[in-house]
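Residue numbers (UniProt numbering): 1 to 122.
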């Protein structure tokens, strides 16, 4: 079974992702900030991470770089979620190791498709 982490300070977004991906034979774990998420990744790295581009405690690109630096972080697939197109944010995340991005708000079909694409690319 695949394991996905959603990192967003919005409990509503986390619950939506959990509900959608949880119905796709995926274990979903949640974090509301980068610090907690890093600790969780160090303990058990998920297969995929969906991270809000604006974290309350650190830059998302720093989070991505820190995850990729963990011994088990090399192969994790990372998707950033953004509210509006910002090429600077997208490029910083990509340079840090993100595999793609997705606009919020997203619907069920968009999330499932982006998640599937990341899994197939692994």
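From the three backbone atoms N, C-alpha and C, an ideal C-beta is built for every residue, glycine too.
| query | result |
| --- | --- |
| With a cut-off of 8 Å, do at least 3 Cβ pairs link the segment 51-61 to the segment 14-30? | no |
| Nearest-angstrom Cα distance between residue 35 and residue 67? | 11 Å |
| In three-state terms, what does DSSP make of residue 81? | strand |
| Helix, strand or coil: which one does DSSP assign to residue 29? | strand |
| Could you spell out the range, first to last residue, of the beta strand (DSSP E) harbouring residue 51? | 48-52 |
| Could you give the distance in angstroms between the alpha-carbon of residue 39 and the alpha-carbon of residue 46? | 12 Å |
| Does DSSP put residue 98 in a helix, a strand or coil? | coil |
| DSSP state of residue 5, grouped into three classes? | strand |
| Relative to the alpha-carbon of residue 5, which residue among 87, 84 and 51 has its alpha-carbon at the smallest distance? | 51 |
| Work out the CA separation of residue 99 and residue 74 for me, nearest whole Å. | 12 Å |
| Look up residue 106 in the DSSP assignment and say whether it is helix, strand or coil. | coil |
| How long is the line joining the alpha carbons of residue 108 and residue 69, rounded to whole angstroms? | 31 Å |
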